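Letter by letter, the sequence shown follows residues 1 to 950 of full-length UniProt numbering.
One structure below.
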Amino acid sequence: MLKQILSKLPRKSSKSTANREHGGNHAANSNASTGSRSNGGKSANSSISSIAVNNSASDVAIHRGVNSKLNGNLGFSQYEGLPGFKDVPNSEKQNLFIKKLNLCCYIFDFTDPTKNLKEKETKRQTLLELVEYVTSVSGKFSETAIQEIMKTVSANLFRAFTPQPREDKVIDGVDLEEDEPSMDSAWPHLQIVYELFLRFVSSTETDAKLAKRYIDQSFILKLLDLFDSEDPREREYLKTILHRIYGKFMVHRPFIRKAINNIFYQFIFETEKYNGIAELLEILGSIINGFALPLKEEHKMFLVRAMIPLHKPRCLAMYHQPLSYCITQFVEKDCKLADTVIRGLLKYWPVTNSSKEVMFLNELEEVLEATQPPEFQRCMVPLFQQLARCLNSSHFQVAERALFLWNNDPIENLIIQNRKVILPIIFPALEKNARNHWNQAVRSLTLNVRKIFEDLDHELFNECLIRFQEDEMKEAEIKARSEATWKRLEELAAQKAASDDMAVVPTCKTLNRTTSVMIKQILGRLPKKPSKSSENREFGGTSVAPSNTSSACKSTCDFQSNRPGALNNSSPPGPDSAPLLGFSHGMKPTQVGNLKLNGSSVPAPYEALPGFRDVPNSEKQNLFIRKLNLCCVVFDFADPTKNLKEKDIKRQTLLELVDHVTSANGKFTETVMQEVIKMVSVNLFRPLTPQPRENKVLEAFDLEEEEPMMDPAWPHLQIVYEFFLRFVASPETDAKLAKRYVDHSFVLKLLDLFDSEDPREREYLKTILHRIYGKFMVHRPFIRKAINNIFFRFIFETEKHNGIAELLEVLGSIINGFALPLKEEHKLFLVRGLIPLHKPKCLPMYHQQLSYCITQFVEKDCKLADTVIRGLLKYWPITNSSKEVMFLSELEEVLEATQPAEFQRCMVPLFRQIARCLSSSHFQEEGSYMVTFSVVKGARCLKVTRPASA
């Protein structure tokens with residue numbers, strides 16, 4: 001897996017080229033400055049005259065957190081790369097591993113990109129070799145190796161940050177996500193060090209008992225300090241690494257939670273400046289999800305003291321989504337916490353920040369969905385007093401979002417059950433909105449809510465209306481008396497002023513006793529304004545205004561064009577909407593020099609070409625085409641001992657091509673596109689040889705438990721896929737020109753590859769197919785038809801295809817983008833292609849993705865619910881209990897999106913089937929009870945709230 005490091009890929013050329021690049025026994029001048037991170041973030045500098053990097057490199061004393069910076073001023077002797085691991089016997093590999101680690105302890109100055117280029121490249125190549133070694137190591141790491149790894153990681157990562165000054169844009173309402181994030185200039189080395197450490201922590205060869213001596217509490221604190229990095233790529237790596245450490249070192253779990261808690265305290269109550277809050281909350285989301293029940297008191301205190309106060313800072317928008325997820329996880333774990341959470345939200349409810357108020361309402365809806373009636377009743381009075389203020393908000397989004405709560409069935413049920421308390425609280429707000437609100441949408445929604453209450457309980461509604469009218473009359477009388485009183489005061493003051501010939505209003509000392517008593521009596525009859533304290537007691541808490549913050553709080557950015565790790569075997573890049581390329585005009589991929597090298601015949605000569613940086617810019621395009629042609633030779637990986645040199649040359653050439661495509665700064669010509677497609681086609685389009693499998697699905701055996709077959713040619717295939725993906729995603733690829741080569745024939749061949757046994761290949765294909773669909777609109781109907789044909793052949797002929805799950809994942813996002821109303825073609829695709837996919841016995845391999853697609857259709861067009869439910873009943877399993885459980889799970893999701901009219905059309909055959917499930921002897925079909933309960937409960941609510949339609 002090299003996904004995280006492909007953005008700066010190695011360029012290993014032939015020996016002669018390497019000698020030219022590194023200059024043999026090279027000597028450079030350097031000034032080494034050491035920087036150690038302290039609490040104050042200061043660094044101390046010192047100089048060394050020379051550093052010898054040779055076989056005694058392991059003796060060089062570079063302690064954790066101390067960096068030797070080489071900036072090219074003072075002399076140091078040879079900084080050269082050490083021999084590769086494959087060039088030394090196995091007995092020497094561990095010593096060489098330690099020497100390479102010590103060589104990588106030296107930190108270069110990246111502020112000047114022109115200095116120490118050869119030394120930086122040497123270190124980069126060495127780091128890449130270390131990553132590959134850690135990934136492929138086949139024995140437990142010794143304590144010495146662990147110590148040296150931690151020394152190298154600490155020396156490279158633990159450093160003092162120099163945060164960029166930013167204006168306080170959050171106060172001005174500017175979204176910091178639009179700002180260009182600050183990128184660390186040393187990332188070419190830092191990224192590979194992070195990848196090395198991640199693989200070390202994840203490796204099964206890392207003994208946790210040994211490693212915990214070096215990954216101690218001090219190390220974890222320094223690692224947490226790095227979350228304040230300005231570079232979002234670094235924070236993404238840190239998030240993954242900290243999560244792995246939390247999972248592997250159980251002894252550190254309480255300390256990690258406490259340390260994160262302290263970071264939150266400092267952020268909330270002191271600085272309000274921290275870049276990694278969102279990433280820390282994402283880690284906490286999975287940690288909270290794993291809490292055992294009942295929750296410990298420590299965890300509840302963490303919710304109350306740290307999580308809920310995180311709603312206070314003004315930069316809440318930067319991390320609100322993961323925070324809301326964590327809060328909801330707590331409520332789902334322990335429903336009794338709902339009252340605590342809701343009162344906490346009311347405590348920090350924003351007063352003048354409307355966008356923040358909308359976020360609070362979104363989170364409140366998620367919490368209320370998981371709230372049980374007893375907890376709801378404890379907090380409903382202060383809650384609906386706040387919601388009444390939201391309903392009367394002059395900001396239409398706040399009022400509209402508050403009214404949308406009545407569209408949520410679980411919340412509506414809670415309100416209906418407690419309407420006698422809730423309606424008197426919110427009725428004045430509803431009446432004022434219906435009469436006076438400036439926004440038409442808010443008025444319409446208010447009338448709908450008002451109608452629900454009126455139809456539900458007409459007597460209660462009339463009582464509230466009469467009380468509101470009485471209150472209006474009393475308010476008008478009080479206002480009139482107040483105006484009359486002030487008018488009398490003004491007249492008395494004017495009379496006194498006239499009698500004393502003064503231009504100012506006299507004080508009480510100058511008035512006679514009768515006038516003074518009169519004024520006191522008048523003032524006593526004036527309406528009193530309630531104090532803040534009494535108002536807070538009445539509404540169940542204070543509304544705290546947001547405090548000052550800085551724009552340092554940033555959210556995680558999604559870098560699809562420069563994502564870390566383009567060569568990660570486990571997780572290829574996710575789908576974006578970008579193009580893919582193909583070929584046409586009679587060009588046949590089988591005629592493009594597809595020469596297989598098996599040791600008997602080797603094209604002479606097969607040698608590496610010079611690097612792109614070794615030729616002038618005018619020659620780079622020609623060199624790019626020559627390298628593409630060099631990579632058209634396909635090697636035989638059946639025997640891993642043959643053609644090792646040629647295979648490595650091709651691999652290095654492919655990596656250079658990836659790097660060149662990523663950094664291209666000009667449109668690709670038609671000739672280049674043609675050569676790219678030729679190379680990709682030669683390497684990817686090949687006959688697949690599936691392994692014979694026993695029909696284990698018939699025996700209820702889970703195929704996912706088997707070890708998947710891995711293609712031995714993956715070291716080359718993976719880089720070709722990554723090259724193709726980056727070429728497609730590049731803004732320099734002209735879609736109008738590219739579509740000449742991306743024809744129907746190319747798409748069909750690409751779809752054939754989905755039957756590959758290798759899951760890593762199918763993941764890349766899924767991403768690439770989604771990019772084709774997003775970029776080339778002309779091919780969209782053909783792609784859908786081709787996938788439909790694959791499904792037909794799978795359902796009615798073979799029942800064997802490895803890529804059904806991946807194709808359904810692509811379709812899920814496609815269906816999600818269908819415009820409304822749905823075309824007849826799309827509805828036929830549902831009926832003829834998707835619903836019959838429930839028939840094959842291997843349904844468990846793709847049921848989750850299929851269920852998502854089906855539910856998407858029903859949510860798009862509720863009238864399809866009857867069709868889908870009858871389709872499920874048609875293919876309902878008879879003797880396969882595990883399949884029946886899956887059908888019941890899917891049925892519940894479909895019924896949640898079903899409207900009363902469609903439900904009534906199919907409810908007779910549906911409940912006949914559910915009745916059979918209720919009588920099943922298989923205990924897991926208790927899911928049918930849950931489905932029945934949900935359906936009946938939903939039907940009852942529909943009868944209560946919508947009597948006309950029910």
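We treat Cβ as the ideally placed atom computed from N, Cα and C, and that holds for glycine.
The model shown is predicted, which means the values in this text are computed figures rather than measured ones.
{"Query": "8 Å Cβ cutoff met for VAL367 and ILE327", "Result": "yes"}
{"Query": "When ALA493, ASP648, THR152 and ASN617 are compared against GLU607, the one with the closest alpha-carbon", "Result": "ASP648"}
{"Query": "Distance between PHE396 and GLN386 (C-alpha atoms, nearest Å)", "Result": "16 Å"}
{"Query": "Reference residue 962, options LEU405, ARG912 and THR879, closest by Cα", "Result": "Only positions 1 to 950 of the chain appear in the structure, and residue 962 is not among them; the question remains open."}
{"Query": "Inter-stretch contact at 8 Å, needing at least 3 Cβ pairs: the segment 778 to 794 / the segment 760 to 767", "Result": "no"}
{"Query": "Contact belief for LEU323 with MET307 at Cβ below 8 Å, rounded distance in angstroms", "Result": "7 Å"}
{"Query": "Rounded distance between the beta-carbons of PHE330 and residue 988, thought under 8 Å", "Result": "With the chain running from 1 to 950 in the structure shown, residue 988 is simply not present."}
{"Query": "DSSP three-state assignment for ILE107, whether helix, strand or coil", "Result": "strand"}
{"Query": "Residue ranges of each beta strand (DSSP E) within the segment 454 to 483, 3 or longer", "Result": "none"}
{"Query": "Test item: CB-CB of LEU238 and GLU272 under 8 Å", "Result": "no"}
{"Query": "Reduced DSSP secondary structure (H/G/I, E/B, other) of GLN621", "Result": "helix"}
{"Query": "Status (buried if at least 16 other CB within 10 Å, exposed otherwise) for SER551", "Result": "The pLDDT assigned to SER551 is 37, lower than 50, so where the model puts this residue is not dependable; a value taken from the coordinates is nonetheless given after this. It is buried - the Cβ of SER551 has at least 16 other Cβ atoms within 10 Å."}
{"Query": "Burial state of MET886 (16 or more Cβ within 10 Å)", "Result": "buried"}
{"Query": "Candidates VAL449, LEU198 and LYS300: closest to LYS333 by CA position", "Result": "LYS300"}
{"Query": "Limits of the unbroken alpha helix (DSSP H) element including GLU799", "Result": "Taken as a continuous stretch (DSSP letters only), GLU799 belongs to no alpha helix (DSSP H), as it is neither H nor E."}
{"Query": "ASN392 classed as buried or exposed, judged by whether at least 16 other C-beta atoms fall within 10 angstroms", "Result": "buried"}
{"Query": "Three-state class that DSSP yields for PRO715 in the structure shown", "Result": "helix"}
{"Query": "Nearest neighbour of LYS827, chosen from ASP866, LYS420, ILE146 and VAL810 [CA to CA]", "Result": "ASP866"}
{"Query": "LEU281 versus ASN683, ILE260 and GLN217, residue with shortest Cα-Cα distance", "Result": "ILE260"}
{"Query": "Between the CA atoms of PHE267 and TYR274 - distance to the nearest angstrom", "Result": "7 Å"}
{"Query": "Where the alpha helix (DSSP H) containing CYS390 begins and where it ends", "Result": "373 to 391"}
{"Query": "Best match in GLU646, ASP659, HIS660 and LEU725 for proximity to ILE677 [C-alpha to C-alpha]", "Result": "LEU725"}
{"Query": "Assigned exposure category for THR798 - 16 Cβ within 10 Å defines buried", "Result": "exposed"}
{"Query": "Whole-angstrom distance between ALA402 and LEU190, CA atom to CA atom", "Result": "47 Å"}
{"Query": "CB-CB length for HIS311 against LEU364, believed under 8 Å", "Result": "HIS311 to LEU364, Cβ: 11 Å. No contact."}
{"Query": "Distance CB(ILE287)-CB(ALA211) smaller than 8 Å", "Result": "no"}
{"Query": "Neighbourhood of GLU400 by C-beta distance below 8 Å, restricted to the same chain and skipping five residues each side", "Result": "ASN439, ALA441, VAL442 and LEU445"}
{"Query": "Exposure of ALA498, with buried meaning 16 or more beta-carbon neighbours within 10 Å", "Result": "exposed"}
{"Query": "Beta-carbon proximity list for HIS660, same chain, < 7 Å, skipping 5 on both sides", "Result": "PHE612 and PHE624"}
{"Query": "Inter-stretch contact (C-beta, 8 Å, three-pair minimum) for the segment 236 to 251 and the segment 184 to 203", "Result": "yes"}
{"Query": "CB contact flag (VAL747, ILE804, <8 Å)", "Result": "no"}
{"Query": "Proximity of CYS853 and LEU811 at Cβ, strictly below 8 Å", "Result": "yes"}
{"Query": "Whole-angstrom C-beta distance between ILE815 and PHE857, which should lie under 8 Å", "Result": "6 Å"}
{"Query": "Alpha-carbon to alpha-carbon, ILE719 and LEU655", "Result": "7 Å"}
{"Query": "Member of MET777, LYS86, ALA155 and LEU489 whose CA lies at the smallest distance from the CA of CYS104", "Result": "ALA155"}
{"Query": "Closest residue to LEU127 among LEU82, ILE795 and ILE215 (Cα-Cα distance)", "Result": "LEU82"}
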